Every structure is written in structure tokens, then in C-alpha cells.
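Written below as C-alpha cells is the structure these notes are about.
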Amino acid sequence: MVSGMRAVIQAQAAVDQLLEENLSLRREVPAITERLLPKARKIALKTLETYGEKPAADPDTLTFTEQQALGEAP
């Protein structure tokens with residue numbers, strides 16, 4: 003589990019760096035989030051299944067704001 007968390011942190015750092023170096027990409031975040039959300043939901047469900055867990059909420063109802071996707075919201 004720790005290595006999985008490490009991979010997520012490294013991926014987030016890479017995204018942060020990419021957005022810092024390419025400020026024009028920030029305006030694409032809402033469209034990218036909308037496009038990738040279905041796949042992210044599937045990955046989350048598979049991960050929960052791997053650990054014998056069930057989602058606390060219906061994944062199809064979960065959404066993210068631009069600020070949440072960028073890690074800028076609480």
C-alpha cells in the first residue's frame with residue numbers, strides 16, 4: 003500500500019510540474035477531468051474490490067471541481 007501511495011504522490015508532483023511549466027494547460031483541466039472521471043471511477047472501484055471494500059457512495063454521483071482536481075481545495 004505504501005508503494006501505491008508513493009506512486010500517487012509522484013504522479014501528482016509530475017502533474018503539478020507540468021502545469022507550472024505550461025500555464026495554458028490549466029484552462030484544459032475541467033475538460034480533462036470530465037473526460038477522465040469515468041476511468042478514474044472504474045480504477046477506484048477495482049482498488050476497493052482488491053481490498054474487499056465497497057464504496058461509501060455511488061461512484062457515478064462523484065464529481066470534482068477544478069480546484070479539487072488541482073489539489074487547491076480542502
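Just so it is clear: in the sequence shown, position 24 is 26 by our numbering, and no numbers are missing. Backbone N, C-alpha and C fix where the C-beta goes; we use that ideal spot for every residue, glycine too. These numbers come from a predicted model, not from an experiment.
From this set, 19, 27 and 65, which residue's C-alpha is nearest residue 41's C-alpha? 65
Helix, strand or coil at residue 49 [DSSP, three-state]: helix
Does the beta-carbon of residue 75 have 16 or more other beta-carbons within 10 angstroms, so that it is buried, or is it exposed? exposed
For residue 67, name the three-state secondary structure that DSSP assigns. coil
Using the C-alpha atoms, what's the distance from residue 35 back to residue 14? 14 Å
Residue 2 by DSSP, collapsed to three states: which one? Shown here, the chain extends from 3 to 76; a query on residue 2 therefore has no answer.
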